[in-house]
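Per my numbering: the sequence shown ends with 504, consecutive numbering throughout. Just so you know, even glycine gets a beta-carbon here, dropped at the ideal spot from N, CA and C. Bear in mind the structure is a predicted one, so any value in this text is a computation, not a measurement. Worksheet: one structure, shown below.
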Amino acid sequence: MVLFSGMEFLFRFLPIFLAIYYITSQKYRNTALLFGSVVFYAVGEPYFILLLLVSVWMNYILAKKISLYGKKREYWLAAALLLDVGLLVIFKMLGAFVGNEILPLGLSFYTFKMISFQMDIYKRTIKELPTFKRTAVYFMMFPQIVSGPVMRFSEGGFTLEKRIYSWEQFEKGLYFFILGMGTKVLLADRLAILWKDIHTIGYESISTLLAWLGAFSYSMQLYFDFWGYSLMAAGLGMMLGFPFIMNFDHPYASRSVSEFWRRWHVTLGRFFRDYVYIPLGGSREGMGKTVRNLLIVWILTGFWHGVSPNFILWGLILFLIIMMEKLWLGKWLQKYSILGRCYMLVLLPVTWMLFAITDMGQLLVYLGRMFPLIGGEGIAVNSQDIVKYLSMYGPYLAAGILWCIPSVYRFLGKHRKHPIVIAGLVCIFWLSVYITVSMGNNPFAYLKF
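Now the structure itself:
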């Protein structure tokens, strides 16, 4: 049931929950949402529901202490951070040595929500402590518990006594939900098969062209998987009276790696900016400390994604690229936009290989295939394999490239009430359902994270 594109969620949980939610008077809708979220999480993660409930309760108790005036507020904040960061570190380490199955569902996302809540209480960004129910809904609401976004308490309508509901907002939420579902099922899941095929063949047995095709395919697959989830989560939130939360801002239209990471997983980037980078001094205290602060942010970003060496290396490589852009390359990339886009579209797939391949030996083999003259792996093993896989996956890659263009997304949004667009959305929904039933449902890439 934890998969938004799964049949149990679409045809059992969601319609029953929405009926109960809207039958309930506005005064008690937070109660209905909290209860529904507990049921949603407990069905998907029966072993860790108690951990989540205890974390919510302990964070609220600590937030009460932090909200008081006095000299001990810093100590209570430190205790809250120790609790939340400690929980994340312990399970990340266990996941690395035991397996990802031991990671609680949504841990990386709800702990970051808890940290941001405690920091905002301490800084008085949240003017007064909300009720336990509102706080618990913020931490646990089912549209965001699985994979975020890392929304702030102050930006989600949680401070309102009564949220604003309208058919217009519900309809728009349904539009985003269907777009997200199609992005996940019709694009991400299909491109995932190409990446699995390459893994099955063996990296040492693919040509250079197929290695690059795999890198481009994985780059789109990961984007469509996470963006699809984010659109579905935002759509569900709008159906429940919350505002739309943008988590991806067409990152593949960027002109540099730095810009890409401002547009990719926007809420996570803002979290690190506001709660790590700026408190450390940001870029206000000279280039030396700016370099230090960025290095800390990217090491933490790598660790947040996983503790295996490839994730730490991935974070360090991105840090070096961003520093290079910050020092001298960035101005040229912004000035010559075509050069910037080509540079970004070639470099990003290479960095995603550091993210995708956890085994360092296999990573070197794959990079050797991408750069045969440097890696010494030979120019091609089977030079015709690219023809086979382009013929099989070309339509999905072409559709993916089209869907990465911001103007296509904006055009659909502008004309979402046109009969042709509505008919297209109906087709996307039922085709996604058909494929899910007939071919199975792949979990979201960030499900156990």
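Three-state class that DSSP yields for residue i in the structure shown
i    : result
Q389 : helix
V352 : helix
D175 : helix
N85  : helix
P298 : coil
C397 : helix
E183 : coil
D414 : coil
F59  : coil
M195 : helix
D329 : helix
F303 : coil
G343 : helix
L335 : coil
S262 : coil
G154 : coil
S44  : No statement about residue 44 is possible, as the shown extent of the chain runs from 56 to 504 and does not include it.
V240 : helix
V98  : helix
C-beta contact flag for residue i and residue j at 7 Å
i    : j    : result
V442 : K147 : no
H305 : P204 : no
L246 : S274 : no
I176 : A134 : no
S55  : S262 : Because the chain is modelled from 56 through 504, residue 55 falls outside the range shown and cannot be assessed.
S122 : L184 : yes
L249 : Y448 : yes
F366 : L349 : no
S209 : T491 : no
L409 : L371 : no
M421 : Y258 : Looking at the sequence shown, residue 421 is not Met but Tyr. A contact, by the Cβ cut-off of 7 Å.
V153 : G99  : no
T190 : Y115 : yes
L418 : I412 : yes
G211 : R218 : no
D440 : L277 : no
Delimiting residues of the alpha helix (DSSP H) encompassing residue i
i    : result
C482 : P474 to M494
S209 : S209 -> no alpha helix (DSSP H), and no H or E assigned at all.
G382 : Checking the displayed sequence, the identity of residue 382 turns out to be Leu instead of Gly. Looking at the DSSP string, L382 is not in any alpha helix (DSSP H), and its letter there is neither H nor E.
D252 : D244 to I256
V538 : Lying before the first or after the last residue shown, residue 538 is absent from the chain, which here runs from 56 to 504.
E314 : V312 to R318
L227 : Note on residue identity: the sequence assigns Lys, not Leu, to residue 227. Note, K227: alpha helix (DSSP H), W222 to G237.
P159 : Run containing P159: none; DSSP gives neither H nor E here.
R218 : Run containing R218: none; DSSP gives neither H nor E here.
V442 : D440 to W458
G468 : P461 to K469
L69  : L69 to I78
Residue i CB to nearest heavy atom of the ligand SAH below 6 Å
i   : result
I71 : With respect to the ligand SAH, the structure offers nothing, as it holds no ligand at all.
Is the number of C-beta pairs between the stretch 333–349 and the stretch 309–317 that are closer than 8 Å three or more? no
Check whether the stretch 377–393 and the stretch 288–308 are in contact - that is, three or more C-beta pairs closer than 8 Å. no
Within the chosen definition, does the stretch 350–359 reach the stretch 235–249 through at least 3 CB pairs nearer than 8 Å? no
Taking contact to mean at least 3 C-beta pairs separated by less than 8 Å, is the stretch 157–170 in contact with the stretch 188–196? yes
Report the start-end ranges of each beta strand (DSSP E) in the stretch 100–136 that is 3 residues or longer and not cut off at the edges. none
Check whether the stretch 227–234 and the stretch 279–290 are in contact - that is, three or more C-beta pairs closer than 8 Å. yes
Given 8 Å as the limit, is there contact between the stretch 231–239 and the stretch 279–286, that is, 3 or more CB pairs closer than that? yes
The stretch 124–142 touching the stretch 108–115, judged by at least three CB pairs closer than 8 Å: yes
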